[in-house]
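Structure, as structure tokens:
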Amino acid sequence: MQLKGVINSRISKPMRSLHNHLVRICYFRGHGVHSPFVYDLVRQVFMRRELLSGDHKLYQALREIGVSHHRAIQLQNLAIHCGYQTFSIDCAGGDLCIASKALSRTELFTLAQEATAQHTTIAVLAPYADNERQLICRQLETAHQSTTVDNRGYLLIFNNHLPKQHFRI
């Protein structure tokens, strides 16, 4: 009987991983995304490789704190696409709050509460940096009352009128 548990655990982990990858592949190009808002994000933001026209201050600030070129483009395009005029890094304020890897657990929860109260969007960078960060992000997703989008590089937490949904892209 113990052997059966060992075999199940060995098979179970790869199967969970496969399911995770299949869900992300399906959503990557917008297939299976039943939210028009998130579908537009996938097609207009996540799939773009170049910056949209407009102000690029967010892109420059993200590059200065070590965010990769590709992720900085995505977040800048998100700001342009959603019409966010202002942003902040590691503090509440602005239309888009960026939570860098430097924030502690307590600081991240405080930022999330303040941003929720102000109805601003949060982008939590590196949600899979380590086990603790991954656990924190799962707790934020579970407690949140609106739409969240996880694309591995960052977790977007929208604080607007959208229904409670979670997308892994």
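So for the sequence shown, the working numbering puts the first residue at 1; every next one is plus one.
By construction, the Cβ of each residue, glycine as well, lies at the ideal position given by its N, Cα and C atoms.
The model shown is predicted, which means the values in this text are computed figures rather than measured ones.
Thinking residue i and residue j are a contact (beta carbons under 8 Å), I'd like their distance in whole angstroms, please.
i: Ala99; j: Phe87; result: That belief does not hold up - the Cβ atoms of Ala99 and Phe87 are roughly 12 Å apart, past 8 Å.
i: Cys137; j: Val149; result: Going by Cβ atoms, the distance from Cys137 to Val149 rounds to 12 Å, so no, they are not a contact pair.
i: Val38; j: Thr116; result: Actually they are not in contact, since the Cβ atoms of Val38 and Thr116 sit about 19 Å apart, beyond 8 Å.
Is it buried or exposed for residue i, if we count other Cβ within 10 angstroms and need 16 for buried?
i: His161; result: exposed
i: Thr106; result: exposed
i: Tyr154; result: buried
i: Pro36; result: exposed
i: Pro127; result: buried
Identify which residue in the options has its Cα closest to the Cα of residue i.
i: Arg48; options: Thr121, Leu75, Glu141; result: Leu75
i: His69; options: Phe46, Gly83, Cys91, Cys82; result: Phe46
i: Glu141; options: Tyr128, Leu156, Asn77; result: Leu156
i: Cys82; options: Gly153, Leu111, Ile122; result: Ile122
i: Gln145; options: Gln118, Asp95, Gln165; result: Gln165
i: Thr120; options: Leu41, Leu135, Leu96, Val33; result: Leu96
i: Ile65; options: Asn131, Ala102, Arg133; result: Ala102
i: Lys57; options: Val42, Gln85, Phe37, Arg43; result: Gln85
i: Ser53; options: Phe158, Asn131, Ile73, Ala143; result: Ile73
i: Leu111; options: Gln134, Asn159, Glu132, Ala92; result: Ala92
i: Asn77; options: Gln139, Ala61, Leu41; result: Leu41
Tell me, which residues are paired with residue i by DSSP?
i: Arg168; result: Asp150
i: Ala117; result: Note: Ala117 sits in no beta bridge, so no partner.
i: Ile98; result: Ile89, Ala123
**Asked** Mind pulling the beta strand (DSSP E) runs of 3 or more residues that sit fully within the stretch 119–159?
**Response** Counting only runs of at least 3 residues, the stretch 119–159 fully encloses the following beta strand (DSSP E) elements, listed from N- to C-terminal order: 121–125, 148–150, 154–157.
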